[in-house]
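J.: Handing you this structure, nothing more for now.
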Amino acid sequence: MLGKALAKEIATVNLVNPRDFTVDKHHRVDDIPYGGGVGMLLKPEPIFAAVNSLPRLPSSQVILLTPQGSPLTQTTLQDLATHYQQLILICGHYEGVDERIRYLADREISLGDFVLTCGEIPALALINGVVRLLPGTVGKVESLKAESFEDGLLDYPQYTRPAVFQDWPVPDVLRSGNHQLIAQWRRDQQIKRTQQRRRDLWEQWVKGKSSEFGVRSSESDGKSD
Numbered sequence: 001m002l003g004k005a006l007a008k009e010i011a012t013v014n015l016v017n018p019r020d021f022t023v024d025k026h027h028r029v030d031d032i033p034y035g036g037g038v039g040m041l042l043k044p045e046p047i048f049a050a051v052n053s054l055p056r057l058p059s060s061q062v063i064l065l066t067p068q069g070s071p072l073t074q075t076t077l078q079d080l081a082t083h084y085q086q087l088i089l090i091c092g093h094y095e096g097v098d099e100r101i102r103y104l105a106d107r108e109i110s111l112g113d114f115v116l117t118c119g120e121i122p123a124l125a126l127i128n129g130v131v132r133l134l135p136g137t138v139g140k141v142e143s144l145k146a147e148s149f150e151d152g153l154l155d156y157p158q159y160t161r162p163a164v165f166q167d168w169p170v171p172d173v174l175r176s177g178n179h180q181l182i183a184q185w186r187r188d189q190q191i192k193r194t195q196q197r198r199r200d201l202w203e204q205w206v207k208g209k210s211s212e213f214g215v216r217s218s219e220s221d222g223k224s225d
């Protein structure tokens, strides 16, 4: 899907190598940390030079991929896909980056509470998540609206043929042809699955629904005589 989107020029991806912006004969982009410690850090000079060499579109964001950033969520992907024409991603390596590189970034994003050897994997996840939200990437817009996290809940269970596989049958309601019952079953399953598997998402969803109900109640109260 990502390859097709790039082929149709819905989005473009350009790779920039910080080593091309070094001035020493060994093209070093890393060095040991001040104060001691294990590992190597990305130096600020080649990263600044690489980022500053890029032509900027009117609405662009520089994003540092780091375990210290805010979690990458569907809401973040929607914001990036909707409001920005250009994303410049800085991928960390080694033990991390020189702290001054953070001055380049408009925001810092993390793929999760774990450490990888490089920032290209989080960058690929972000690119994939953003590009698939751009108009023309996914054939049916309804496919996006019906996915996990789009309304704050996990997705409902889905089944295809055969109707029975190793004594596991497809729920009767999905074969009933009653679209209202199917929609209700799916919503119930979303709620149940989110409660069981992602308590954090469930609490956020309940809080959001409570706030929404409060706003509606206030509006109704304001209209009453």
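When you line the sequence shown up against UniProt numbering, it's residues 1 to 225, in that order.
All C-beta atoms, glycine included, are put in the ideal place defined by N, C-alpha and C.
1) Counting along the chain, where does the beta strand (DSSP E) carrying Ile63 start and finish?
2) To the nearest angstrom, report how far apart Ala50 and Arg197 are at their CA atoms.
3) Assuming Leu65 contacts Cys91 under a Cβ cut-off of 8 Å, what Cβ separation, rounded to an integer in Å, is found between them?
4) How many angstroms separate the CA atom of Ile109 from the CA atom of Thr75?
5) Just grab the DSSP bridge partners of Glu108 for me.
6) When burial is assigned at 16 or more other CB atoms within 10 Å of the CB, is Gly119 buried or exposed?
7) With DSSP run on the structure shown, which of helix, strand or coil describes Phe165?
8) For Ile101, which residues from the same chain have a beta carbon less than 8 Å from its beta carbon, with the 5 sequence-adjacent residues on both sides left out?
9) Which residues bound the alpha helix (DSSP H) around Leu6?
T.: This is what the structure gives:
1) Ser60 to Pro71
2) 42 Å
3) 5 Å
4) 13 Å
5) Leu64
6) buried
7) strand
8) Leu42, Pro44, Ile47, Phe48, Leu64 and Ile90
9) Leu2 to Ala7
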